[in-house]
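**Student:** Would you mind keeping the following structure in view while I ask a few things?
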Amino acid sequence: MIMVKGFFDELISIKYLLFGVIIYGYGVLLRNPILGYAQEHRLLINGWDLSLQLMNDMYLIVYFIVPLLMFFSVQSTHYQFSEQALIRIGSYKKWIYRSLKHFWKNASPLLFVWIFISLFMMIGLPFSSIWSPFSKSENFLNTLSGVASTFHHPLYTLIFQFFLLVIAASLLHTFIALNYLFVKNRNLILFACALIFFGGGVGFKLLPVQFSYLNPISYFSLVQITSSVTVPVACLLILIVIGITLFLMNLVDMSKMNFYLLIKQFGPKIIYLILCLSGILSNANSIRSSDATIWDLLLLSFSGTGATGFSYSSYFFYCIVFFGFLYLVSLFLVNEIELMGPYKLIRYRSLYRWFWSWFKRLIVTVILFIFGLSFIILTIGFIVGLKTNLYTTMLSVPIDDLLTHFLMNSFLQLTFYILAVFILIWSSKESSYVLILISVFMVLMLPGLNSFGLNPIGLNSFLSLIDHSIIYISSFLTFMIIASLLIINYLFKKSLKI
835 MIMVKGFFDE LISIKYLLFG VIIYGYGVLL RNPILGYAQE HRLLINGWDL SLQLMNDMYL
895 IVYFIVPLLM FFSVQSTHYQ FSEQALIRIG SYKKWIYRSL KHFWKNASPL LFVWIFISLF
955 MMIGLPFSSI WSPFSKSENF LNTLSGVAST FHHPLYTLIF QFFLLVIAAS LLHTFIALNY
1015 LFVKNRNLIL FACALIFFGG GVGFKLLPVQ FSYLNPISYF SLVQITSSVT VPVACLLILI
1075 VIGITLFLMN LVDMSKMNFY LLIKQFGPKI IYLILCLSGI LSNANSIRSS DATIWDLLLL
1135 SFSGTGATGF SYSSYFFYCI VFFGFLYLVS LFLVNEIELM GPYKLIRYRS LYRWFWSWFK
1195 RLIVTVILFI FGLSFIILTI GFIVGLKTNL YTTMLSVPID DLLTHFLMNS FLQLTFYILA
1255 VFILIWSSKE SSYVLILISV FMVLMLPGLN SFGLNPIGLN SFLSLIDHSI IYISSFLTFM
1315 IIASLLIINY LFKKSLKI
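Structure below.
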């Protein structure tokens, strides 16, 4: 009862009444043009048209709601943080939960006022349990046509929007609280908030609609986020962000040394995973409105480059996925070679046994990586609504040939990459050369450098099938792997003689 009384006391305070007046005034500005347009074009409207548009209006969110939420968040983190409070609470993670509770003590009346005014705008308009003809129409004043085709009932949209606001606001505060714990400087936090505000505003105005999911502030509006991705993909992205946030919250109580070691161990993998998922989602979103199938998404993601074909997006995504994976493997190889010493020779009694002890694990890792990557791409394609027919619309390649090329030749290609990196590290004893080698691989993938099929780089890309057969690519990559193993055998014999 005390908490409820405190909530209503806060609600009727002058600042929230002022917030309500501002939101209502903005709602009137939205209402009049919509009513005029509907009357002029004889389109029936109902209360949901005004209510949901006010709750999803990006101008109101970017320039009014989010700045207020950031103000409440900074206030909660700054005034709640003290050494005495940390001693009493017992951990940084518990302090974040406490600051989140204090944040919602200030933010919940604002959310209540916003929803109340949005529902209040329904007064004087017909009430209906279905979408109006206006909300289903395509016009410059209607922003609800996308959600009207996704959700069968406007009430479901309201409920989903409410939970989206709660999650987005909670993540915003948690991000600010985590940054405050890391820097413990109010001015830097204010600077970070300014970046969020200006970045969100610029992203809202300049980013194409299909890329609005890259703008964090878009997640405050169901209309905005579903204009670029489907609802299941939006939920997936939110779950990923929640998972990363919870992971970071579990790190704040670690010592700086352990934190550094953990970031060093998992940081590159997390960045790699985010880049891969972003690329797949971007490709899926680019073909979502066409008659493409899930196999087209696989083909588009790894079309790569050919002797004559080239696309910047396909080229860079190939580099991120395969050369990024190669870089992560190189970190393992550097560590394995650096730990190579007399005790390992005694343990394995042979360089060849030592080589096979970790190389067979890498083979299994490569196989799991390729199958896992295929599964993720096809699953995302299914989630975003691509067709599951057994054909492609982008390239005249049978599905069995498509899968054979991707699974088998990607395995052979990655195996060759790994062996090439191992040869470089073993012969030079310089791990920094790996980045140079990867850069050389990226250059060799450019079109015009593999006209005769004698360049072993990027042959697992689908555009290679235009110029070469699957059998030729597999045979050539197998030959390069055998040649690499012979070079390793020579290097091992040379090392034993020394």
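Each residue of the sequence shown is one higher than the one before, counting from 835 in our numbering. Cβ atoms here follow ideal geometry from the backbone N, Cα and C, with glycine treated the same way.
Which one or two residues does DSSP pair with residue 1127 in a beta bridge?
**Tutor:** One-based indexing of the sequence shown puts residue 1127 at position 293. Note: residue 1127 sits in a beta bridge opposite 1221.
**Student:** Give the C-beta separation of residue 978 and residue 969 to the nearest angstrom, bearing in mind that I take them to be a contact with Cβ-Cβ under 8 Å.
**Tutor:** By one-based count along the sequence shown, residue 978 stands at place 144. By one-based count along the sequence shown, residue 969 stands at place 135. Contact between residue 978 and residue 969 is confirmed by a C-beta separation of about 4 Å, below the 8 Å threshold.
**Student:** Consult DSSP for residue 1138 and reduce its assignment to one of helix, strand or coil.
**Tutor:** Looking up residue 1138 in the sequence shown gives position 304. Coil at residue 1138, not helix or strand.
**Student:** In whole angstroms, give me the CA-to-CA distance for residue 1069 and residue 950.
**Tutor:** Mapped onto the sequence shown, residue 1069 falls at position 235. Mapped onto the sequence shown, residue 950 falls at position 116. Cα to Cα, residue 1069 sits roughly 26 Å from residue 950.
**Student:** Return the CA-CA distance between residue 946 and residue 862, expressed in angstroms with no decimal places.
**Tutor:** Counted from its first residue, the sequence shown places residue 946 at position 112. Counted from its first residue, the sequence shown places residue 862 at position 28. Between residue 946 and residue 862, the C-alpha separation is close to 18 Å.
**Student:** Let me know the secondary structure DSSP gives residue 1234 once reduced to three states.
**Tutor:** In the sequence shown, the residue the question calls residue 1234 occupies position 400. Three-state DSSP puts residue 1234 in a helix.
**Student:** What does the alpha-carbon distance come out to for the pair residue 1086 and residue 1101?
**Tutor:** Sequence index remark: in the sequence shown, residue 1086 carries index 252 (1-based). Sequence index remark: in the sequence shown, residue 1101 carries index 267 (1-based). Straight-line spacing of the CA atoms in residue 1086 and residue 1101 works out to 15 Å.
**Student:** If you measure between the beta carbons of residue 1055 and residue 857, is that distance less than 9 Å?
**Tutor:** Here the question's residue 1055 lines up with position 221 in the sequence shown. Here the question's residue 857 lines up with position 23 in the sequence shown. The Cβ atoms of residue 1055 and residue 857 do not sit closer than 9 Å to each other.
**Student:** Can you check whether the CB of residue 892 is closer than 9 Å to the CB of residue 786?
**Tutor:** No statement about residue 786 is possible, as the shown extent of the chain runs from 835 to 1332 and does not include it.
**Student:** Quick check: the Cα distance between residue 1051 and residue 1034, rounded to an integer number of angstroms?
**Tutor:** If you number the sequence shown from 1, residue 1051 lands on position 217. If you number the sequence shown from 1, residue 1034 lands on position 200. C-alpha separation (whole angstroms): 6 Å.
**Student:** One question on the structure: do residue 864 and residue 888 come within less than 9 Å of each other, judged by their Cβ atoms?
**Tutor:** By one-based count along the sequence shown, residue 864 stands at place 30. By one-based count along the sequence shown, residue 888 stands at place 54. Their beta carbons are under 9 Å apart, which means residue 864 touches residue 888 by this criterion.
**Student:** Quick one: Cα of residue 1164 to Cα of residue 1244, how far?
**Tutor:** Sequence index remark: in the sequence shown, residue 1164 carries index 330 (1-based). Sequence index remark: in the sequence shown, residue 1244 carries index 410 (1-based). Rounded to whole angstroms, residue 1164 to residue 1244 spans 18 Å at the Cα level.
**Student:** Can you give the Cα-Cα distance for residue 909 and residue 1096, rounded to whole angstroms?
**Tutor:** What you label residue 909 is simply residue 75 of the sequence shown in a count that begins at 1. What you label residue 1096 is simply residue 262 of the sequence shown in a count that begins at 1. One Cα belongs to residue 909, the other to residue 1096, and the distance between them is close to 31 Å.
**Student:** Which same chain residues end up closer than 6 Å to residue 953 when comparing Cβ atoms and leaving out the 5 residues on each side of it in sequence?
**Tutor:** The sequence position of residue 953 within the sequence shown is 119, counting from 1. Contacts found: 885.
**Student:** If you run the structure through DSSP and keep just helix, strand and coil, what is residue 987?
**Tutor:** Counted from its first residue, the sequence shown places residue 987 at position 153. In this structure, residue 987 counts as coil in the three-state DSSP scheme.
**Student:** For residue 1148 versus residue 1135, is the C-beta spacing smaller than 9 Å?
**Tutor:** Numbered from 1 along the sequence shown, position 314 holds the residue referred to as residue 1148. Numbered from 1 along the sequence shown, position 301 holds the residue referred to as residue 1135. A contact, by the Cβ cut-off of 9 Å.
**Student:** When DSSP labels each residue in this structure, what does residue 961 get in the three-state scheme?
**Tutor:** For the purposes of this step, residue 961 is taken as the residue at position 127 of the sequence shown. In the structure shown, residue 961 adopts coil according to DSSP, grouped into three states.
**Student:** Which residue's Cα is closest to the Cα of residue 1224: 1128, 1186, 1264 and 1171?
**Tutor:** In the sequence shown, the residue the question calls residue 1224 occupies position 390. The candidate whose alpha carbon is nearest that of residue 1224 is 1128.
**Student:** From residue 997 to residue 1048, what distance separates their C-alpha atoms?
**Tutor:** Taking the first residue of the sequence shown as 1, we reach residue 997 at position 163. Taking the first residue of the sequence shown as 1, we reach residue 1048 at position 214. So the two alpha carbons sit approximately 20 Å from each other.
**Student:** Do you know whose CA, among 1311, 1077 and 948, lies nearest residue 890's CA?
**Tutor:** Walking along the sequence shown from the start, residue 890 turns up at place 56. The shortest C-alpha separation from residue 890 is found at 948.
**Student:** In whole angstroms, give me the CA-to-CA distance for residue 986 and residue 965.
**Tutor:** On the sequence shown, position 152 is the one that residue 986 refers to. On the sequence shown, position 131 is the one that residue 965 refers to. Computed Cα separation, rounded: 8 Å.
**Student:** Compare the C-alpha of residue 932 against each of 1218, 911, 1265 and 1310 and name the closest.
**Tutor:** By one-based count along the sequence shown, residue 932 stands at place 98. Here the closest residue by C-alpha is 911.
**Student:** Run through DSSP, which three-state label would residue 1020 get?
**Tutor:** Taking the first residue of the sequence shown as position 1, residue 1020 is located at position 186. Correct three-state label for residue 1020: helix.
**Student:** Give the secondary structure of residue 1263 by DSSP, where H, G and I count as helix, E and B as strand, and everything else as coil.
**Tutor:** Taking the first residue of the sequence shown as position 1, residue 1263 is located at position 429. Of the three classes helix, strand and coil, the one that applies to residue 1263 here is coil, per DSSP.
**Student:** Can you list, in chain order, the residues of its chain whose CB lies under 8 Å from that of residue 1131, leaving out five sequence neighbours each side?
**Tutor:** By 1-based counting over the sequence shown, the position of residue 1131 is 297. If we look at residue 1131 and ignore the five residues flanking it on each side, its Cβ neighbours are 1114, 1117, 1118, 1121, 1211, 1212, 1214, 1215 and 1220.
**Student:** With contact counted as at least three CB pairs below 8 Å, one residue from each stretch, are the stretch 1252 to 1270 and the stretch 1149 to 1169 in contact?
**Tutor:** yes
**Student:** Report back the beta-carbon spacing between residue 1246 and residue 1315 to the nearest angstrom; my notes put them in contact at under 8 Å.
**Tutor:** Against the sequence shown, residue 1246 aligns to sequence position 412. Against the sequence shown, residue 1315 aligns to sequence position 481. Between residue 1315 and residue 1246 the Cβ distance is about 7 Å, and since that is below 8 Å, they are a contact.
**Student:** Does the contact criterion of 3 or more C-beta pairs under 8 Å hold for the stretch 1234 to 1242 versus the stretch 1304 to 1314?
**Tutor:** yes
**Student:** Can you tell which of 1061, 880 and 875 has its C-alpha closest to the C-alpha of residue 962?
**Tutor:** Within the sequence shown, residue 962 is the residue found at index 128, counting from 1. The option with the nearest alpha carbon to residue 962 is 880.
**Student:** May I have the straight-line CA-CA distance separating residue 1326 from residue 1191, to the nearest angstrom?
**Tutor:** Reading the sequence shown from its first residue, position 492 is the one you call residue 1326. Reading the sequence shown from its first residue, position 357 is the one you call residue 1191. Their Cα atoms are separated by approximately 15 Å.
**Student:** With a CB to CB cut of under 8 Å and the five nearest residues on each side skipped, what residues in its chain are close to residue 1296?
**Tutor:** Taking the first residue of the sequence shown as position 1, residue 1296 is located at position 462. Closer than 8 Å at Cβ, skipping near neighbours: 1133, 1136, 1137, 1138, 1229, 1231, 1236, 1239 and 1240.
**Student:** Where residue 1288 and residue 1263 are concerned, what is the direct C-alpha to C-alpha distance, given to the nearest angstrom?
**Tutor:** In the sequence shown, the residue the question calls residue 1288 occupies position 454. In the sequence shown, the residue the question calls residue 1263 occupies position 429. Their Cα atoms are separated by approximately 28 Å.
**Student:** Nearest-angstrom Cα distance between residue 1008 and residue 994?
**Tutor:** In the sequence shown, the residue the question calls residue 1008 occupies position 174. In the sequence shown, the residue the question calls residue 994 occupies position 160. Going from the Cα of residue 1008 to the Cα of residue 994 covers about 21 Å.
**Student:** Identify whether residue 1063 lies in helix, strand or coil by the three-state DSSP scheme.
**Tutor:** Along the sequence shown, read from residue 1 onward, the residue named residue 1063 stands at position 229. The answer is coil: DSSP assigns residue 1063 none of H, G, I, E or B.
**Student:** For the alpha helix (DSSP H) that residue 936 lies in, which residues bound it at each end?
**Tutor:** Here residue 936 is taken as the residue at index 102 of the sequence shown, counted from 1. Where residue 936 is concerned, the enclosing alpha helix (DSSP H) stretches over 926 to 954.
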